[in-house]
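Down below is the structure, laid out as structure tokens.
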Amino acid sequence: MGSKDSLIMLLGMLIVGGPYALLIAGGLFVNANEKRYMAAQRSTGRDKQRMLDFMQIVMKEYYGDYTYVAGGNRISTGRYSANYYPYIVGFNEKDLVIISYTARNGALICRNVLPVDWNCMRLKYHVFSKGVKLILILGKTKLRIKVNRVVMSDGSEKFDTPLGIFQENEVDMLIISLLRMQKKTRTGVS
Numbered sequence: 646m647g648s649k650d651s652l653i654m655l656l657g658m659l660i661v662g663g664p665y666a667l668l669i670a671g672g673l674f675v676n677a678n679e680k681r682y683m684a685a686q687r688s689t690g691r692d693k694q695r696m697l698d699f700m701q702i703v704m705k706e707y708y709g710d711y712t713y714v715a716g717g718n719r720i721s722t723g724r725y726s727a728n729y730y731p732y733i734v735g736f737n738e739k740d741l742v743i744i745s746y747t748a749r750n751g752a753l754i755c756r757n758v759l760p761v762d763w764n765c766m767r768l769k770y771h772v773f774s775k776g777v778k779l780i781l782i783l784g785k786t787k788l789r790i791k792v793n794r795v796v797m798s799d800g801s802e803k804f805d806t807p808l809g810i811f812q813e814n815e816v817d818m819l820i821i822s823l824l825r826m827q828k829k830t831r832t833g834v835s
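Going by my numbering, the sequence shown opens with residue 646, and the numbers climb by one from there.
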């Protein structure tokens with residue numbers, strides 16, 4: 646009777662704990678792939694170059710006027726699910742351009758280009774240790790973009806972020822540019 650109870654208890658533990666064990670094993674596997682991919686990106690910078698080549702095509706003659714950083718916004722669609730929207734933010738001393746893109750078959754595809762018009766849009770931002778969160782406000786509509794110093798990816802297009810980029814210097818430049826833009830809008834001095 647004791648071995649039968651042990652077998653039933655073991656079977657019950659497998660039924661209850663099995664999905665959790667699979668979830669943990671899958672998370673560890675994805676994390677290992679992500680670390681391997683990001684180590685390759687640190688040495689080669691291939692994804693950053695892909696982003697810059699893509700921006701050269703999208704921005705054409707204005708390409709050299711801007712600095713580019715990758716970011717995104719995660720919107721919760723349910724209790725356990727969320728959609729991720731990747732963006733590229735182009736900026737200089739006075740302008741901001743938001744480019745929405747997607748990755749398909751190894752190529753980056755532009756979805757929308759939004760040049761920010763300061764006459765009708767407001768900008769809020771929050772600087773934190775990992776990067777900066779931009780909030781663009783047009784009426785009651787808000788566009789949130791989180792720009793991290795390191796954009797993590799595992800290199801697959803099924804993953805939320807198709808590009809893995811180290812962009813510490815560019816994010817620091819964005820923060821300085823945002824501070825200057827804020828000073829100009831408050832004082833009215835160009």
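We put the CB at the ideal spot given by N, CA and C, even for glycine.
Counted as a single uninterrupted DSSP element, the alpha helix (DSSP H) harbouring arginine 691 occupies residues 691 to 704. In the structure shown, the three-state DSSP call for tyrosine 707 is helix. Counted as a single uninterrupted DSSP element, the beta strand (DSSP E) harbouring proline 760 occupies residues 752 to 760. Taking C-beta atoms as the reference points, isoleucine 780 and valine 758 fail to come closer than 8 Å.
The Cβ neighbour count for tyrosine 665, taken over all protein chains shown within 10 Å, is under 16; the residue is labelled exposed. A straight line joining the alpha-carbon of glycine 784 with that of cysteine 755 spans about 25 Å. Three or more beta-carbon pairs drawn from the stretch 783 to 797 and the stretch 809 to 818 are found closer than 8 Å, and the two stretches are therefore classed as touching. Tyrosine 682 carries a helical assignment under DSSP once its states are collapsed to helix, strand and coil. Under the three-state reduction of DSSP output, serine 721 falls in the strand class. In terms of Cα proximity to valine 761, the closest of Val777, Glu738, Asn750 and Thr747 is Glu738. Counting along the chain, the unbroken beta strand (DSSP E) around lysine 791 starts and ends at 786 to 793.
Boundaries of the beta strand (DSSP E) around serine 745: 741 to 749.
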